[in-house]
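Right, one structure below, let's go through it.
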Amino acid sequence: MEMNVIIAGEAGQGAFSVELELTETLSRLNYHFFATKNYMSRIRGGHNFHMIRIADHPVHALSGGKWDMVVALDGET
-2 MEMNVIIAGE AGQGAFSVEL ELTETLSRLN YHFFATKNYM SRIRGGHNFH
48 MIRIADHPVH ALSGGKWDMV VALDGET
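Heads up: the sequence shown at position 43 corresponds to 40 in my numbering, and the numbers run straight through without jumps.
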């Protein structure tokens, strides 16, 4: 099993919190994941996104460009 997820939205909308809860839950369920963040703006309203690769085997990088799930917290995403 392997899945690529992107969580994106305006700064302050909770994308960081969603990513944190998801990765903590995955860890408790013994899944492997690789996560990275892109902060275009730390000012409230700037667009940010978090990319996570989830697998039932060890992963060491994101896989290119195909997203199985997009969590869009704003219209720009």
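Just so it is clear, CB atoms sit at the ideal spot from N, CA and C, and this is done for glycine as well.
Predicted, not measured: the structure shown is a model, and the values here were computed from it.
Asked                                                                                                                                                                 : Found
Answer with buried or exposed for residue 50, where buried requires no fewer than 16 other C-beta atoms within 10 angstroms of its C-beta.                            : buried
Taking the alpha-carbon positions, what's the residue 48 to residue 25 distance?                                                                                      : 19 Å
Using CA atoms only, rank isn't needed, just tell me which of 8, 13 and 56 is closest to residue 0.                                                                   : 56
Can you find the residues in the same chain that come closer than 8 Å, C-beta to C-beta, to residue 85, ignoring five residues on each side of it along the sequence? : With the chain covering -2 to 74 only, the question about residue 85 has no answer from this structure.
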